[in-house]
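What follows is a single structure, written as structure tokens, with notes after it.
Numbering (our numbering), first residue to last: 33 to 273.
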């Protein structure tokens, strides 16, 4: 499904990012995995099926580093990635009245500004090389519903959805599609930190009665990355059970 494609995945060291990287490698893509955690990258890279894969330590919140990383990728692959998947994300949970400015800003910087940085560099590179492409940004259902103690995370993910729709309008004429995937409560290192009683409250609201798996989200991401979704642009697809 993805043979001949070159894909960049942020946040690829764990969770949805890792599951997506493994899947699209099996589908035939050459995968460039990025993360801030070198150990996670070193664990993920050997698991990728096929060849032509690579890894980069990347702080998506640093625009200069993102720009340089894209230049390095283009130099190494002689073309920009035509699939870009933004899965990097963090939480710094606290109730509004207790949340510090730094806690709020850090989450916005990584989740929203980081997505902006990567999308911008990707679009510039694709446009320079006159290539089409597919960008998939990972949002969250709490960006639509809000969530207790996550004013920063909810705001960042709502922003990711709005950013995706705007990019779709601006870049569609150049053959660059941009969509958002909106996961619900998914098993991940982040949800592992959630107290059991809070998890049970979420489970009670999920019709399927269970948490989602990263691999289930990855299937939707891979579809949007592929040419099978060639007329899907500016969409937000829920994966919420």
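All C-beta atoms in this analysis are idealised placements derived from N, C-alpha and C, irrespective of residue type, glycine included.
Since this is a predicted model, take the numbers as computed values, not measurements.
Would you report the Cα separation of residue i and residue j, rounded to the nearest angstrom?
i           : j           : result
residue 181 : residue 125 : 5 Å
residue 57  : residue 111 : 18 Å
residue 224 : residue 217 : 11 Å
residue 156 : residue 232 : 44 Å
residue 215 : residue 207 : 26 Å
residue 135 : residue 142 : 11 Å
residue 199 : residue 268 : 13 Å
residue 244 : residue 273 : 7 Å
residue 183 : residue 133 : 12 Å
residue 113 : residue 105 : 8 Å
residue 54  : residue 237 : 30 Å
residue 59  : residue 94  : 31 Å
residue 144 : residue 80  : 28 Å
residue 187 : residue 256 : 24 Å
residue 121 : residue 154 : 18 Å
residue 178 : residue 68  : 27 Å
residue 190 : residue 172 : 8 Å
residue 271 : residue 213 : 7 Å
residue 164 : residue 227 : 43 Å
residue 158 : residue 195 : 18 Å
residue 103 : residue 84  : 17 Å
residue 202 : residue 263 : 15 Å
residue 18  : residue 230 : Nothing about residue 18 can be reported from this structure: the residues present for the chain run from 33 to 273 only.
residue 260 : residue 52  : 17 Å
Excluding the five sequence neighbours on either side, which residues of its own chain have a C-beta within less than 6 Å of the C-beta of residue i, listed in chain order?
i           : result
residue 61  : 34, 37, 39
residue 147 : 118, 169, 192
residue 185 : 123, 139
residue 176 : none
residue 128 : 183
residue 166 : 115, 209, 257
residue 197 : 266
In or out: residue i buried (at least 16 other Cβ within 10 Å) or exposed?
i           : result
residue 221 : exposed
residue 193 : buried
residue 281 : The displayed coordinates of the chain run from 33 to 273. Any statement about residue 281 would go beyond what the structure contains.
residue 254 : buried
residue 204 : exposed
residue 130 : exposed
residue 161 : exposed
residue 239 : exposed
residue 82  : exposed
residue 66  : buried
residue 45  : buried
residue 63  : buried
Just to confirm my understanding: we take residue i, look at its own chain, exclude 5 residues before and 5 after, and list those with CB closer than 8 Å. What are they?
i           : result
residue 265 : 200, 204, 209, 210, 211
residue 48  : 119, 170, 215, 218, 220, 246, 249, 250, 253
residue 108 : 86
residue 235 : 217, 241, 242, 243
Output needed for residue i: all residues of its chain with C-beta closer than 7 Å, excluding positions within five of it in sequence on either side, in chain order.
i           : result
residue 150 : 42, 92, 98, 116, 118
residue 70  : 89
residue 258 : 33, 34
Entirely enclosed alpha helix (DSSP H) segments - the stretch 138-184, minimum 4 residues = 146-160, 174-177
Could you tell me which uninterrupted beta strand (DSSP E) segments, each at least 3 residues in length, are contained entirely in the stretch 46-99, listed from first to last along the chain?
-> 62-67, 86-89
Mind pulling the alpha helix (DSSP H) runs of 4 or more residues that sit fully within the stretch 225-249?
-> 228-235
Spell out a yes or no on whether the stretch 98-105 and the stretch 68-78 are touching, meaning 3 or more CB-CB pairs, one atom from each, closer than 8 Å.
-> no
Which ranges does the beta strand (DSSP E) cover as unbroken runs of at least 3 residues, wholly within the stretch 103-141, from first to last along the chain?
-> With a minimum length of 3 residues, the continuous beta strand (DSSP E) runs that stay inside the stretch 103-141 are 115-118.
Can you check the stretch 179-217 for any alpha helix (DSSP H) of at least 4 residues that lies completely inside it and give the ranges in chain order?
-> 183-203
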